[in-house]
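Numbering (the numbering used here), first residue to last: 132 to 213.
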C-alpha cells in the first residue's frame, strides 16, 4: 500500500495528531513541508483532504470504516459472509 503523504507549511500539533493516528492504524506516513500550502493537505487511499478540519473528518471516517470492515472479517470466517 502506498504511503499517506501529509503536506503542511509547518509541522505543528495538529499535523502530528493526524500523522500519528494514521501511523497507529498501520499506514506509512510521510510528512512533507510545502511552503506554498496554506492549509494541511493529506493524500492517501481515501483521496485528498484539504484543511485541518476536512482532513480530521476524512481520517476519522476512513479509520472507522476500516475498523468496521476488519471487525466484520474477524467475526465471519472466509466464505461465510452474506
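Note that beta-carbon positions come from the ideal geometry of N, C-alpha and C, so glycine has one too.
* Per-residue DSSP class, three states only, for residue 145 -> helix
Review point. Leaving out five residues before and five after residue 175 in sequence, what residues of the same chain have Cβ atoms less than 6 Å from its Cβ?
Key: 135
Report yes if the CB atom of residue 190 is closer than 8 Å to the CB atom of residue 153, and no otherwise.
-> yes
Review point. In angstroms, rounded to a whole number, what distance separates the CA positions of residue 192 and residue 198?
Key: 10 Å
(Q) Quick check on residue 171: does DSSP put it in helix, strand or coil? (A) coil
- Neighbourhood of residue 132 by C-beta distance below 6 Å, restricted to the same chain and skipping five residues each side: none
- Where residue 151 and residue 167 are concerned, what is the direct C-alpha to C-alpha distance, given to the nearest angstrom? Distance between the alpha carbons of residue 151 and residue 167 is about 23 Å.
Residues near residue 186 in its chain [Cβ-Cβ closer than 6 Å; skip 5 each side]: So the qualifying residues of the chain are 149, 171, 173 and 180.
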